[in-house]
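By the count of the numbering used here, the sequence shown reaches residue 578 at its end, each step adding exactly one.
Take a look at the structure below.
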Amino acid sequence: MSRDGGDARKVERPGTQGHRSCPIHRADDGTWQVSGLAAARAVLRSEATVQAGLGVETVEKLPARVRRPVLYRDGPEHREDRRQTARFFTPRRVDERYRGLMAEVADKQLAKLRAAGRAQLSELSFGMAIEVASAIIGLTSGRPGIRERLERFFPEKYGRPGLTSLQGLYWTIRQNVNWMRVYLADVRPAIRDHRREPRDDLISHLLDDGCSAAEILGECLTFAAAGMVTTREFICVAAWHLFGDDALMARYREADEPERLAVLHEIVRLEPVVSRLRRRTTAAIELPGDGGPVTVPAGALVEVLVDAANTDPAAVGAEPLAVRPGRAVGDGTGAAALAFGDGPHKCPGSGVAILETDVFLTRLLAMEGVSMAAAPRVTFNNDIGGYEIRGLVVALS
182 MSRDGGDARK VERPGTQGHR SCPIHRADDG TWQVSGLAAA RAVLRSEATV
232 QAGLGVETVE KLPARVRRPV LYRDGPEHRE DRRQTARFFT PRRVDERYRG
282 LMAEVADKQL AKLRAAGRAQ LSELSFGMAI EVASAIIGLT SGRPGIRERL
332 ERFFPEKYGR PGLTSLQGLY WTIRQNVNWM RVYLADVRPA IRDHRREPRD
382 DLISHLLDDG CSAAEILGEC LTFAAAGMVT TREFICVAAW HLFGDDALMA
432 RYREADEPER LAVLHEIVRL EPVVSRLRRR TTAAIELPGD GGPVTVPAGA
482 LVEVLVDAAN TDPAAVGAEP LAVRPGRAVG DGTGAAALAF GDGPHKCPGS
532 GVAILETDVF LTRLLAMEGV SMAAAPRVTF NNDIGGYEIR GLVVALS
């Protein structure tokens, strides 16, 4: 179901108007904003850029001896870490080791809907995402209540920590307490069990690599944010699209798995969960612009506007704001365009997220009389341009 002008998006992000008219733009604060897909891909793939944003400024204050989480590492060190952990996310491993788990967890979550007759989709999808990501990470030895601890660590409304105001001090103390809760209840028991009985998962890999408990905690929370929080939101937005478009719903229900996955890739292209990726240039880089190459100087902050790049008609073709599964996406980015990033920091778990969403939704939509009983409200995390979908109620008639 498209709005006027063929715009099928459910999420209307604030402050995105006008970006498509200029694929490379320098904002008033000096930030270079990139909305053309070819230029955005060039930024993300460039060896002359490093990670920026996502709290990297705080991580940079850590002592040099402390190993940074993989999200905040660049260059040869980052490439070697990604090479060593790639085995956890191969299509074959995901299919053989996690497809069955996904089915079991989905059935367990949907049993709650069957018992109550209605449920908040964000709660069901978060339960799904937590159990699947926990198995990949190795967080399977903790005390009950991990969902509540993660909800506290990733609240719907964030404050900015700091020591110069009462509000900043409150958020600093709160976040430190939440770090400690997750460590004591989830990470420390997992480390203890993995030392006693090594396993083929992320925590055993980190222990073999000589990581300290604090470093493992940082990696676990990084993967939790990437594998749990974002998947929860994508399951919700994908369901919202399907419930709101009878033709798309029928197509999805009748399709085989490859076609269903194509539908999900198209939805995430249109509705990327994270729509702001920031990089800092370490040398001048040249980007393709409408009127010829554009040079971005060394030391510049570059902001990739993923939602705009993913709807660049030069790359995704006609009707870029419509849901058209199977469309050809140019520039070698794949069907999801830049929704999972690109280059060295491209999300390694994209295949997990898409398959997990499909496993959950096929079971949800197979339930007799299922419908969307209440449309959701949408809030935003402005630091990453991410959406949070709450209040989408699914019900059985």
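Here a beta-carbon is modelled for each residue, glycine too, at the ideal position from N, C-alpha and C.
These numbers were taken from a predicted model, which means no experiment stands behind them.
In the three-state DSSP reduction, VAL455 falls in the coil class, being neither helix nor strand. Secondary structure at ASP389: helix, using DSSP grouped into helix, strand and coil. Bounds of the alpha helix (DSSP H) holding ARG376 are 369 to 377. Taking 7 Å as the cut-off, the Cβ atoms of ILE384 and GLY319 count as close. Contact between the stretch 243 to 262 and the stretch 467 to 484 is absent, with fewer than three C-beta pairs closer than 8 Å. Per DSSP, the unbroken beta strand (DSSP E) holding ALA555 starts and ends at 551 to 555. Counting C-beta atoms within 10 angstroms of its own C-beta, ARG273 has fewer than 16 neighbours from the protein chains shown and is therefore classed as exposed.
Here GLY470 carries a strand assignment [DSSP, helix/strand/coil]. DSSP places TYR568 inside the beta strand (DSSP E), whose first and last residues are 567 to 571. Taking all protein chains in view, the Cβ of ASP437 is surrounded by fewer than 16 other Cβ atoms within 10 Å, so the residue is classified as exposed. Scanning the stretch 226 to 310 from its first residue to its last, the whole alpha helix (DSSP H) runs of 4-plus residues come out as 237 to 240, 256 to 266 and 280 to 297.
Taking the CA atoms as reference points, ASP374 sits about 25 Å from THR271.
DSSP, read as helix, strand or coil, puts GLU484 in strand. Between ARG330 and ALA554, the CB-CB gap reaches or exceeds 7 Å.
Shown here, THR212 sits in coil according to DSSP, grouped into three states, outside any helix or strand. Counting along the chain, the unbroken beta strand (DSSP E) around ALA576 starts and ends at 574 to 577. Following the DSSP letters along the chain, one finds PHE561 inside the beta strand (DSSP E) bounded by residues 558 to 562.
The distance from the Cβ of ARG324 to that of ALA366 is about 5 Å, consistent with a contact at the 8 Å cut-off.
Secondary structure of THR412 (DSSP, three-state): helix. Counting only residues of its own chain and dropping the five nearest sequence neighbours on each side, LEU546 has a CB closer than 8 Å to the CB of LEU423, MET430, TYR433 and ARG434. Within the same chain, and ignoring the five residues on either side of THR514 in sequence, the residues whose Cβ sits closer than 8 Å to its Cβ are LEU218, ARG222, ALA496 and ASP523. Take the alpha-carbon of LEU387 and the one of THR462: they are about 29 Å apart.
For ARG194, no alpha helix (DSSP H) encloses it, and the DSSP letter there is neither H nor E. Ranked by Cα distance from ALA407, the first of MET548, ASP539, ALA420 and GLY532 is GLY532. DSSP links ILE318 through a beta bridge to no other residue. For ARG207, there is no enclosing alpha helix (DSSP H); the residue is part of the beta strand (DSSP E) that begins and ends at 205 to 207. Non-local C-beta neighbours of LEU442 in its own chain, meaning closer than 8 Å and more than five positions away in sequence, comprise ILE535, LEU536 and ASP539, ordered along the chain. Per the coordinates, the alpha-carbon of PRO529 lies some 7 Å from the alpha-carbon of ALA267.
Taken in chain order, the whole beta strand (DSSP E) runs of length 3 or more contained in the stretch 496 to 559 are 551 to 555.
Buried is the label assigned to ASP262, since at least 16 other Cβ atoms lie within 10 Å of its Cβ. TRP421 sits close to LYS191, with the two beta carbons spaced by under 7 Å. Counting the other CB atoms within 10 Å of its CB gives GLY550 a total below 16, which places it among the exposed residues.
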